[in-house]
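Trainee: Shown below is the structure under consideration.
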Amino acid sequence: MNLLKPIDKALRLESERLLLKPITEEDTEAVLSIRNSDYVRGNFFYRKEITAEEHLDYVKNKCETGEVFYFTVTEKATGRIIGVVYLQHYNPEEKAMESGLFFDKASPKGKGYATEAYRLLDGYAFNELKLNKLVARVISYNGASVHLHEKMGYKAVERSVEKIFPTGEEVEAVTLELVKENFREKN
49 MNLLKPIDKA LRLESERLLL KPITEEDTEA VLSIRNSDYV RGNFFYRKEI
99 TAEEHLDYVK NKCETGEVFY FTVTEKATGR IIGVVYLQHY NPEEKAMESG
149 LFFDKASPKG KGYATEAYRL LDGYAFNELK LNKLVARVIS YNGASVHLHE
199 KMGYKAVERS VEKIFPTGEE VEAVTLELVK ENFREKN
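This is the structure:
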C-alpha cells in the first residue's frame, strides 16, 4: 500500500548543469535505450530487457500513482537525457524508500553528474517527502555505485546473496543506508 501522493508532473529539480523531471510517456525511447543497454543491465538485479509496453504500464501503474518516483536526468547543455534516478518501495513504518540510479555509458565520466543528480534526489526525499531514511541495494562488484553511495553519506549495513533475474545467477549485494541526519547537501 502506498501512502505518498503522486508526483506533480510540473516538478523540476535543478542544479547548474542538470534538470530532473518526472518521467513521461514521451521519455520512453530515451529511457529504454539507456535502461536496456548491456552496460546498465549488467549492474542490475533485474536484467530482463523492458519493452515499451511494459515501460508505459510501469509509468501508469507505479509512477503516476505515487508508488515510484522516477526522474529523468537531463544534461542542460545538450538537452539530452543521460540517466534516471528513482525512489521506490515505500516503508511507512520507517518512513524510508529505496533509492537508485542508472546512467548512459556514453554520459561524461568523472564530471560528478551522478553525484549531482543523486544529491537532488536525496534532497527531495528528505526535504519534500519528509523521509527519514534511504536504502540502496548495489551489486558489490559495481564499485562506482558503492563509492557514489558512500561519498553521499550512505553506510553499508548488510551484505547478502541475491539472485539475478532471469538467470538465477547468485551475486553479492551490498545494502547501504542514508539517514536524514547524515544527508549532506554538498560534499
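All letters in the sequence shown, in the order written, are residues 49 to 235 by my numbering. Note that CB positions come from ideal geometry on N, CA and C, so glycine has one too.
(1) Tell me which same chain residues have a C-beta within less than 6 Å of the C-beta of M49, skipping the five on either side of it?
(2) What are the boundary residues of the beta strand (DSSP E) that includes L68?
(3) Rounded to a whole number of angstroms, what is the C-alpha to C-alpha distance between E101 and L61?
(4) For I98, name the three-state secondary structure that DSSP assigns.
(5) Of all the options A125, M145, A165 and N109, which has the alpha carbon lying nearest to the alpha carbon of V132?
(6) By the three-class DSSP mapping on this structure, what secondary structure does K157 have?
(7) Does DSSP put V231 in a helix, in a strand, or in coil?
(8) Alpha carbons only, please: which of L168, R65 and T72 is nearest the one belonging to L149?
(9) So, K124 versus L182, is the Cβ gap smaller than 7 Å?
(10) Rounded to the nearest angstrom, what separates R185 and E225 at their Cα positions?
(11) Quick one: does the C-beta of R95 sit closer than 6 Å to a heavy atom of the ligand GDP?
(12) Candidates C111, L196 and K96: which alpha carbon is nearest T163's?
Mentor: Looking at the atomic coordinates:
(1) Within the sequence shown, numbered from 1, the residue matching residue 49 stands at position 1. Residue placement at M49 is poorly supported in this model, since its pLDDT is 45, which falls under 50; the coordinates still yield a value, given next. Correct list: empty, nothing qualifies.
(2) Reading the sequence shown from its first residue, position 20 is the one you call residue 68. Annotation: the continuous beta strand (DSSP E) that includes L68 extends over L66 to P70.
(3) By one-based count along the sequence shown, residue 101 stands at place 53. By one-based count along the sequence shown, residue 61 stands at place 13. Those two C-alpha atoms are separated by around 27 Å.
(4) Within the sequence shown, the letter at position 50 stands for residue 98. If DSSP states are grouped into helix, strand and coil, I98 belongs with coil.
(5) Position 84 of the sequence shown, counted from the first residue, corresponds to residue 132. Of A125, M145, A165 and N109, the smallest CA-CA separation from V132 is found for A165.
(6) Along the sequence shown, read from residue 1 onward, the residue named residue 157 stands at position 109. Coil at K157, not helix or strand.
(7) By one-based count along the sequence shown, residue 231 stands at place 183. According to the sequence as given, residue 231 is Phe; it is not Val. The answer is coil: DSSP assigns F231 none of H, G, I, E or B.
(8) In the sequence shown, counting from the first residue as 1, residue 149 sits at position 101. Checking every option, the nearest Cα to that of L149 belongs to L168.
(9) Mapped onto the sequence shown, residue 124 falls at position 76. Mapped onto the sequence shown, residue 182 falls at position 134. Against a cut-off of 7 Å, the Cβ pair of L182 and K124 comes out as no contact.
(10) Locating residue 185 in the sequence shown gives position 137, where the first residue counts as 1. Locating residue 225 in the sequence shown gives position 177, where the first residue counts as 1. A direct Cα-Cα distance of roughly 9 Å separates R185 from E225.
(11) The model on display carries no ligand, and the ligand GDP is accordingly not part of it.
(12) Here residue 163 refers to the residue found at position 115 when the sequence shown is read from its first residue. Selected option, being the one with the closest Cα: L196.
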